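Residue numbering for the sequence shown follows this note's numbering, starting at 273 and increasing by one per position.
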Amino acid sequence: MIKVLVVDHHPIVRKGIIKMFESSPEIDVVGEADNGKELFNFIDNHRVDIVISEI
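What follows is the structure, encoded as structure tokens:
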């Protein structure tokens with residue numbers, strides 16, 4: 273299982289990305305973050321394989 277963290281400051285964008293991954297059995301969205309600070313707090317405490325973030 274691939275563990276994914278979704279990071280974007282727009283809640284609707286985060287929800288859309290998470291919804292897209294729900295149909296994939298090999299991907300587990302383990303969390304979401306609003307900004308870089310939340311991102312680093314999350315990865316300090318959880319194992320994540322991939323971070324999806326806006327550019």
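Backbone N, C-alpha and C fix where the C-beta goes; we use that ideal spot for every residue, glycine too.
If you're wondering where the values come from, they're calculated on a predicted model, not measured in any experiment.
C-alpha distance - residue i paired with residue j, whole-angstrom precision
{"i": "VAL301", "j": "LYS275", "result": "6 Å"}
{"i": "ASP306", "j": "ILE324", "result": "12 Å"}
{"i": "ASP280", "j": "PHE314", "result": "14 Å"}
{"i": "PHE312", "j": "GLU298", "result": "24 Å"}
Three-way DSSP call (helix, strand, coil) for residue i in this model
{"i": "VAL301", "result": "strand"}
{"i": "VAL320", "result": "coil"}
Cβ neighbour criterion (16 or more within 10 Å) applied to residue i
{"i": "ARG319", "result": "exposed"}
{"i": "GLU326", "result": "exposed"}
{"i": "VAL278", "result": "buried"}
{"i": "GLU294", "result": "exposed"}
Sheet register partners of residue i (DSSP bridge)
{"i": "GLU279", "result": "At residue 279 the sequence reads Val, which differs from the Glu that was named. According to DSSP, VAL279 bridges with ALA305 and SER325."}
{"i": "ILE274", "result": "ILE299"}
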